[in-house]
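Per my numbering, the very first residue in the sequence shown carries number 104; after that it's consecutive. Note that the Cβ used here is the ideal one computed from N, Cα and C, for glycine as well.
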Amino acid sequence: MRDVRRRTLLSAMGGTAVAAGALSSTTAEAAPVPPVAGGAARGRGTPYDHEVRELLDRMTVEEKLGQLQQLAWSWDTGPGGGETKDVEEAARAGRLGSVLSIFGARSSNALQRIAVEESRLGIPLLFGLDVIHGFWTTFPIPLAQAASFDPDVSRRDAEVSAKEARSNGVHWAFSPMMDVTHEPRWGRIAEGSGEDPYLTAAFAAAKVEGYQGRGRHGYGAKDRVAACAKHFVAYGGAEGGRDYNTVDVSESRLRNLHLPPFKAALDAGAATVMASFNTVGGVPAHGNSHTLTGILKEEWGFDGVVVSDWTGVQELVAHGFAEDGAAAARLSLNAGVDMEMVSTTLREHGRKLVREGRISEHRLDDAVARVLRLKFALGLFENPYVDEDSAIDGPTAAARRAAREAAARSMVLLKNEGGTLPLKASVRSIAVVGPFGDSDDLLGTWVVPAAAKKYPSVKVLDAVRRAAPDAKVTYARGVTPEGTSTAGIPAAVAAAEAADVTVVVVGEPPALSGEAAARSDIGLPGAQERLVRAVAATGKPFAVVLVNGRPLTTGGWLADAPAVLEAWHPGVEAGNAVADVLFGKVNPGGKLPVSFPRTVGQIPVHYNHESTGRPYDADNKYSSKYLDLPPDPQFSFGHGLSYTTFEIGAPKLSRTSVPAGALHAGDTLEVSVTVSNTGDRAGDEVVQLYVHDLAASITQPVRKLRGFRRVTLGAGRSTVVRFRIGAKDLGFWTNDPHGEFLVEEGRFDLYVGNSSTAKAKRTLTVT
104 MRDVRRRTLL SAMGGTAVAA GALSSTTAEA APVPPVAGGA ARGRGTPYDH EVRELLDRMT
164 VEEKLGQLQQ LAWSWDTGPG GGETKDVEEA ARAGRLGSVL SIFGARSSNA LQRIAVEESR
224 LGIPLLFGLD VIHGFWTTFP IPLAQAASFD PDVSRRDAEV SAKEARSNGV HWAFSPMMDV
284 THEPRWGRIA EGSGEDPYLT AAFAAAKVEG YQGRGRHGYG AKDRVAACAK HFVAYGGAEG
344 GRDYNTVDVS ESRLRNLHLP PFKAALDAGA ATVMASFNTV GGVPAHGNSH TLTGILKEEW
404 GFDGVVVSDW TGVQELVAHG FAEDGAAAAR LSLNAGVDME MVSTTLREHG RKLVREGRIS
464 EHRLDDAVAR VLRLKFALGL FENPYVDEDS AIDGPTAAAR RAAREAAARS MVLLKNEGGT
524 LPLKASVRSI AVVGPFGDSD DLLGTWVVPA AAKKYPSVKV LDAVRRAAPD AKVTYARGVT
584 PEGTSTAGIP AAVAAAEAAD VTVVVVGEPP ALSGEAAARS DIGLPGAQER LVRAVAATGK
644 PFAVVLVNGR PLTTGGWLAD APAVLEAWHP GVEAGNAVAD VLFGKVNPGG KLPVSFPRTV
704 GQIPVHYNHE STGRPYDADN KYSSKYLDLP PDPQFSFGHG LSYTTFEIGA PKLSRTSVPA
764 GALHAGDTLE VSVTVSNTGD RAGDEVVQLY VHDLAASITQ PVRKLRGFRR VTLGAGRSTV
824 VRFRIGAKDL GFWTNDPHGE FLVEEGRFDL YVGNSSTAKA KRTLTVT
């Protein structure tokens, strides 16, 4: 290891070190948190402390425990329907704090009236819903949004979603999901922003701002909702890509890879955090006091609500961490969970645990105070009901335009040989083939069921016909999404042979990605690959459009396809957005937020890996590699083409040397680069900045994204893109569980380009 002068830079990272003797990851019981009267862990009083204290003084233990209980509502079932009897009785008794999956102004108002007008204290209920990428107006899946490399895409999604949801009685969105993952087999990669913590952090902060508005407690407005940063923490590291599976990470990887997006979301004001299903270092997240209290509440000073995931508290028993429900209740609350979703261990055992001193009244009051503060901040005590006459009942024209723009902005042109795309306006005949060409189910995972039923996605076939009104457009399905029959392929081949150009729309059904949707084989399902090859064998021009919720392996068909457009699951305006890009109305400018592996056997493959003592060497068998595969992915992180061409010059540094002490004090330097549109049409380029610490006391990734900028340039135009970097970009967290961040002396290579494979660089020396 090189000789370095270590400098702890916690202040530069916006955090404070936990005192010696802080909770370890193997400790289940949490130390006491500051009393409500003393304010939050940030060291200041919080809004509504007086009101909260007055309520706490009037509440029984049962009513306090009730505020920590969240129960599920049955879809499309109003009060009095029978299936919701337990929810209604609990609300009437003042033994319920929140309900999830209820929406609709009339239904939510009816249940709210029971709590406000019939319970002893009249404390309003908090209504939560999985608003992941839209309420009525379904935007592209979050992974697609990350491909835009434009956080405003997610901000706009959240603004539209919040307005629609709040008007229908929803106060709380269980979003954004910010689980960084290197595992494309994991279905929930569709809900996140891919493999990079910096990119994920930018999108997480934007989504929070979109839901809540800017400024602390802005979510009290009638068109905003409280956001929920999930899943805390390291859920994306699930072994084998199997959902809910074990995660084993070092402290440094936890802090450098998994935690930064959560810190960014909280800095943006996220009101709540959701615990994750996985273990962290052998300790289930729902019982992990090191992460929930040591880091989240003490080190970061989070004074909001920590909610469990669905039955996550009860699952401590299945984990083998708690002997029974009573132990699960005790361990989770004492570790830092404030509200229990669906399972009822606290409701059933809480009173006895408090009486026996196994849960302190202090900790109980702290959890209740967090829930009550959230309700005050949302304005529920003043305005518990929504205006039923003002409820938004579907996507507006403006919302649809926003969704269409977002979808087109998120698409990535993976390949385009011979100028196959964009399609020419003069084309006389077009064949649309494939199982998703005539599909209205391109919304993606985690869509509000009523929205999926009432507002399906625009079909690609219909949009192509509108985009080319003078062309003869034919359709042949060819194969089903998952079936093995090839009986329809001859008809698809005939359609392709008779057309000037063919658009092949293949991919995954939305049900194959998302929660509980891990796949061991992430190629095209069923016989779809055979369809692509059959169309290729005609020798006629064609383009492949991929609609999917994760990276796919492209098998043997990629080499035969002249053009490939990654459209993801694009949402309610799917077909229109695809047509916009196919016909050049929109010049694609998206980039991959995650690497596409060559085969499943190559997983994990990601750009931000560490080097080994024997890095890849094609001429050396005894280096880190596969015998039968190149070392790189099929498509790298940051990859994406355009209908025009760009040139990115060599980066320039405002200085080539900077003292570590100056960085500690907040000093920064500028990296600038000229980008030029060298083609014949306007387009977007994403300029990306990567950092590599050449030698460190803990081995660092070969590259880390530390800046990106999407710019629009007319043909022949140029601009200078500037980035500022400082301690947070050059340093790293160590394995110290108390939280130690270092910037070490030495050399740093700074790469600038249009993907993670950028070659142009300059070297910075930290002295």
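Taken through DSSP and simplified to helix, strand or coil, Arg223 comes out as coil. Thr414 is positioned such that its CB atom lies closer than 7 Å to that of Val445. Pairing Ala579 with Val638 gives a Cβ-Cβ distance that is not under 7 Å.
If you draw a straight line from the Cα of Phe335 to the Cα of Thr303, it comes to about 14 Å.
Within the model, the alpha-carbon separation for Val794 versus Phe844 is close to 17 Å. With distances taken between CA atoms, Ala620 lies nearest to Asn348 out of Val604, Ser800 and Asn348. DSSP places Gly231 within a strand segment (E or B) once states are collapsed to three. For Arg812, no alpha helix (DSSP H) encloses it; the enclosing beta strand (DSSP E) starts and ends at Lys807 to Leu816.
Within the same chain, Cβ atoms closer than 8 Å to the Cβ of His361 are found at Asp282, Val283, Pro300, Val336, Ala337, Gly339, Gly340 and Val352, the five residues on either side in sequence being excluded. Per DSSP, Ser542 has no beta bridge partner at all. Every unbroken stretch of the beta strand (DSSP E) spanning 3 or more residues and falling wholly within the stretch 561 to 645 is given here in chain order: 575 to 579 and 604 to 610. Closest in C-alpha terms to Leu833, from the list Thr868, Val489, Lys864 and His841, comes Thr868. Just so you know, the alpha carbons of Arg327 and Met280 end up roughly 18 Å apart. Annotated three-state conformation of Val283 is coil, per DSSP. Judged by DSSP secondary structure, Gln791 falls within the beta strand (DSSP E) whose first and last residues are Gly786 to Asp796.
The beta carbon of Val823 sits closer than 6 Å to those of Ser775 and Thr777, all from its chain and outside the five residues before and after it, given in chain order. Under DSSP, Asn519 shares a beta bridge with Ala666.
The distance from the Cβ of Val311 to that of Ala368 is about 5 Å, consistent with a contact at the 8 Å cut-off. Taking all protein chains in view, the Cβ of Pro552 is surrounded by fewer than 16 other Cβ atoms within 10 Å, so the residue is classified as exposed. Between the stretch 683 to 691 and the stretch 561 to 575 there are three or more C-beta pairs closer than 8 Å, enough to call the two in contact. Restricted to the stretch 335 to 389, the alpha helix (DSSP H) segments that are unbroken, complete and at least 4 residues in length are 363 to 370, listed in chain order.
Membership of Ala534 in the beta strand (DSSP E) is indicated by the continuous run Ser532 to Val536. Just so you know, the alpha carbons of Ala640 and Ala646 end up roughly 13 Å apart.
Rounded to whole angstroms, the separation of the alpha carbons of Gly540 and Gly678 is 9 Å. Under the criterion of beta carbons closer than 8 Å, Ser858 and Gly716 do not qualify as touching, at roughly 27 Å.
Each of Gly200, Ala305, Ser435 and Arg156 was checked against the Cα of Gln172, and the nearest Cα belongs to Gly200.
By the criterion of a C-beta distance shorter than 8 Å, Arg806 is surrounded in its chain by Tyr710, Asn711, Tyr793, Val794, His795, Tyr854 and Ser859, once the five residues flanking it on both sides are discounted. Beta bridge pairing from DSSP links Asp496 with no other residue. Rounded to the nearest whole angstrom, the C-alpha separation of Asn212 and Ala601 is 58 Å.
One thing to note: Ser355 has its Cβ no nearer than 7 Å to the Cβ of Trp671.
For the pair of segments examined, the stretch 381 to 401 was found to touch the stretch 416 to 430: the number of CB pairs separated by less than 8 Å reaches three. Note that the stretch 505 to 518 does not touch the stretch 579 to 594; fewer than 3 beta-carbon pairs, one per stretch, sit closer than 8 Å. Put simply, the backbone Cα of Gly786 is about 45 Å away from that of Leu229.
If the five residues before and after Leu524 are omitted, its C-beta is found closer than 6 Å to the C-beta atoms of Ala646 and Ala666, all from its own chain and listed in chain order. In the displayed model, Ser392 falls within a helix according to three-state DSSP. Judged by their CB atoms, Ala574 and Val530 are nearer to each other than the 7 Å cut-off.
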